[in-house]
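Colleague: Structure in structure tokens, see below.
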Amino acid sequence: MFYYLNGTAAAVEPYLAVIDCGGVGYACNTSMRSLASLKIGEKVKMYTYCHVREDAFDIFGFVTQAELNSFKLLIGISGVGPKAALSILSSNSPEELASAVAAGNEKALTVAPGIGKKLAQRILLELKDKAAEAIGVGTVGINIPGAPAADGTKTEDVASALAVLGYTPAEIGAVLKKIDLNSLTVEEAVREALRVPLK
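Residues in the sequence shown are numbered from 1078 upward in steps of one, following the working numbering.
Structure below.
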């Protein structure tokens, strides 16, 4: 399927952008956050996901890979369809979503239209579980190369947030070595970690 569309923004509507690629207009369902960065007539690259059903073939596109990754994580959760995922990503950047997962902040998700408390709780729980599985958190503790000694729960929470954003265990370990987890809250640590450049 398509990896990205590289063309000109031809039209913008709520939750929809039309990208002209060589004279063909591709309708991309997208978040309001991605739409805000588009200007009609200007070049744009949209990272895409194709959602195929018996009665439909929909393209979802985002201006950053982080937003696309967050979208794919969200629709992988039971009860979260593409519309709900777009609603969440319209209200939260990928970084804000990751911080909400790390802090267990359901209010960050319930501000999105159509997202109730129970669904928000399920999303936070499942994303945290998926992130923990990706970075090897289990009964023996965190398993991240190079992770510093700090409060175990805080380290796991920050690592989980970075995993939600697509960081590999090696990247997480390298980033965590460069921040002082002991002097920061989880949300502060996530923000600080995102400022650390990856080589």
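No residue lacks a Cβ here, since even glycine has one placed at the ideal position from N, Cα and C.
This one's a predicted model, so the numbers in the text were calculated from it and none came from an experiment.
1) Whole-angstrom Cβ separation of proline 1159 and phenylalanine 1134, contact assumed at under 8 Å?
2) My assumption, with CB atoms under 8 Å, is that serine 1114 sits in contact with valine 1140. Please give the rounded CB distance.
3) With serine 1168 and glycine 1191 assumed to form a contact (beta carbons below 8 Å), what rounded beta-carbon distance in angstroms separates them?
4) Leaving out five residues on either side along the sequence, give the residues of the same chain with a beta carbon under 7 Å from the beta carbon of isoleucine 1152.
5) With a Cβ-Cβ cutoff of 8 Å, do glutamate 1119 and alanine 1086 count as a contact?
6) Please name the residue, chosen from Glu1264, Ala1270, Asn1259, Lys1231, that lies closest to glutamate 1248 on a Cα-to-Cα basis.
7) Check the DSSP bridge columns for glutamate 1090 and list the partner residues they point to.
8) What separation, rounded to the nearest whole angstrom, lies between the Cα atoms of isoleucine 1096 and leucine 1186?
9) Taking the alpha-carbon positions, what's the arginine 1268 to arginine 1110 distance?
10) Which same chain residues end up closer than 7 Å to leucine 1275 when comparing Cβ atoms and leaving out the 5 residues on each side of it in sequence?
11) Excluding five sequence neighbours on each side, which residues of the same chain lie with their C-beta closer than 6 Å to the C-beta of tyrosine 1080?
12) Run the CB neighbour count on glutamate 1131, radius 10 Å, all protein chains shown included, and call it buried at 16 or more, exposed below.
13) Report the residue from Leu1239, Thr1232, Gly1250, Val1252 whose alpha carbon sits nearest the alpha carbon of asparagine 1259.
14) Short check: CB of glycine 1250 to CB of alanine 1143, under 8 Å?
15) Drop a sphere of 10 angstroms on the beta-carbon of proline 1246, count the other beta-carbons inside from all chains shown, and report buried for 16 or more, exposed for fewer.
16) Work out the CA separation of alanine 1094 and leucine 1082 for me, nearest whole Å.
17) Residues bridged to phenylalanine 1079 by DSSP?
18) Out of Thr1262, Pro1091, Asp1206, Gly1084, which has the shortest C-alpha to C-alpha gap to leucine 1112?
19) For alanine 1240 and alanine 1208, I'd like the C-alpha separation in whole angstroms.
Modeller: In short:
1) 13 Å between Cβ atoms; not a contact.
2) Sure, about 5 Å apart at Cβ, within 8 Å.
3) At roughly 10 Å, the Cβ-Cβ gap does not stay under 8 Å, so serine 1168 and glycine 1191 are not in contact.
4) Gly1158, Pro1159, Ala1162
5) yes
6) Ala1270
7) Leu1093
8) 29 Å
9) 19 Å
10) Glu1248
11) none
12) Glutamate 1131 counts as exposed, since fewer than 16 other C-beta atoms from the protein chains shown sit within 10 angstroms of its C-beta.
13) Thr1232
14) no
15) buried
16) 11 Å
17) Answer is none; phenylalanine 1079 lacks a bridge partner.
18) Pro1091
19) 5 Å
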